[in-house]
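Report on the structure given below.
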Amino acid sequence: MARDQLPPAKERRRLLAQKAGTLAQAGAGFLREGRWGEALECLAAAGDRAGLDELAGQALEAGDLFTWRRVLEALGREPDPQGLAQLKAKAQELGKQGFALAAQDLLEPGDEPKP
Numbered sequence: 000m001a002r003d004q005l006p007p008a009k010e011r012r013r014l015l016a017q018k019a020g021t022l023a024q025a026g027a028g029f030l031r032e033g034r035w036g037e038a039l040e041c042l043a044a045a046g047d048r049a050g051l052d053e054l055a056g057q058a059l060e061a062g063d064l065f066t067w068r069r070v071l072e073a074l075g076r077e078p079d080p081q082g083l084a085q086l087k088a089k090a091q092e093l094g095k096q097g098f099a100l101a102a103q104d105l106l107e108p109g110d111e112p113k114p
């Protein structure tokens, strides 16, 4: 789905009431464009676990704790210590200190995985 073919908000709301295949396709398009909020909305409504897993991976690589946790919630999973440690390290590497500190707060003492 080309960028100019991605649906605006009104059309996206209409899509959310439609079939999973259409939603998954729109979600994949939003994901390719880096529009994670819209991608999450469509992929979750479609029940597209593979698309949600891909989005979780992208959020993890970007050190984006907020998006990563929202995707995990949509997948019905809790943040795990290994994922939190990875996200914390990536956030620090990218200068996203707020996300790094928030990830650290979620890690209990001794939860960080051993290398």
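So in numbering that gives the first Met the number 0, the last spot in the sequence shown is 114, and the numbers never skip. We put the beta carbon where it would ideally sit given N, CA and C, even for glycine. What you are looking at is a predicted structure, and each value in this text was computed from that prediction instead of being measured.
- Three or more Cβ pairs closer than 8 angstroms define a contact, and the stretch 34-48 falls short of that threshold against the stretch 83-90.
- Secondary structure at Pro7: coil, using DSSP grouped into helix, strand and coil.
- With respect to the 8 angstroms criterion, Leu5 and Glu32 are classified as neighbours on the basis of their beta carbons.
- Setting aside the 5 residues that flank it on each side, Thr66 is surrounded in the same chain by Trp35, Ala58, each with a C-beta closer than 6 angstroms to its C-beta; the list follows chain order.
- Between the alpha carbons of Glu107 and Glu10 lies a gap of roughly 43 angstroms.
- Residue environment: Ala99 is assigned as buried (16 or more neighbouring CB atoms within 10 Å of its CB, all protein chains considered).
- In summary, Asp63 is buried, with 16 or more beta-carbon neighbours lying within 10 Å of its beta-carbon over all protein chains present.
- Between the beta-carbon of Pro78 and that of Leu71 there is about 6 angstroms, and that keeps the pair under the 8 angstroms contact cut.
- No residue range can be given for Lys95, since it is assigned to no alpha helix (DSSP H) and is classified by DSSP as neither H nor E.
- Here Lys18 carries a coil assignment [DSSP, helix/strand/coil].
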